[in-house]
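Residue numbers (the numbering used here): 53 to 156. Glycine included, C-beta positions come from ideal geometry on N, C-alpha and C. Remember, predicted model here, so these are calculated numbers, not experimental data.
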Amino acid sequence: LDWPLVCVVDDAKRAASTNTRFLWTVFTRFEPAADILAASQRIVRHHVVYEGTIAIDARMKPSYPAELFCDPDTARTVSDRWNEYFPAKGVVMGDSDAGHLDEA
């Protein structure tokens, strides 16, 4: 098969920007019982066996809540007080909107 697995997402460029972002995007936006499709499937020992190309529909569904982002005032407060929260300085503060998903 040329394409054994196809993942359908809302923003392919963003989802494929890093491995972490891809995994987060796909595995937080699909329900295995409803969103996995294949050319054919059969049951072997009470397990579904998919054959041919498998597609995962990892698009945001209308029933999903909107993505949450930190408001600017809270982000500023956390940034200003980060060293109070972690005085040993062993915790690196990241971008709250990206959540380390955009790091390679």
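Top-ranked residue by Cα proximity to residue i, from the options
i: Tyr116; options: Gly142, Trp55, Arg81, Ser69; result: Arg81
i: Glu119; options: Asn135, Ala150, Arg128; result: Ala150
i: Val130; options: Ala140, Gly142, Asp147; result: Asp147
i: Glu155; options: Ala140, Thr72, Thr126, Phe79; result: Thr72
Same chain, Cβ closer than 8 Å to residue i, neighbours up to 5 away in sequence not counted
i: Val60; result: Ala107, Ile108, Asp109, Ala110, Arg111
i: Ala90; result: Tyr102, Glu103, Gly104, Thr105, Ile106, Ala107
C-alpha gap between residue i and residue j, whole angstroms
i: Glu83; j: Lys113; result: 10 Å
i: Phe121; j: Arg97; result: 44 Å
i: Arg128; j: Phe138; result: 16 Å
Proximal residues to residue i (C-beta, below 6 Å), its chain only, five neighbours per side dropped
i: Trp76; result: Leu153
Strand pairing of residue i, partner residues [DSSP]
i: His99; result: Val96
i: Asp109; result: Val60
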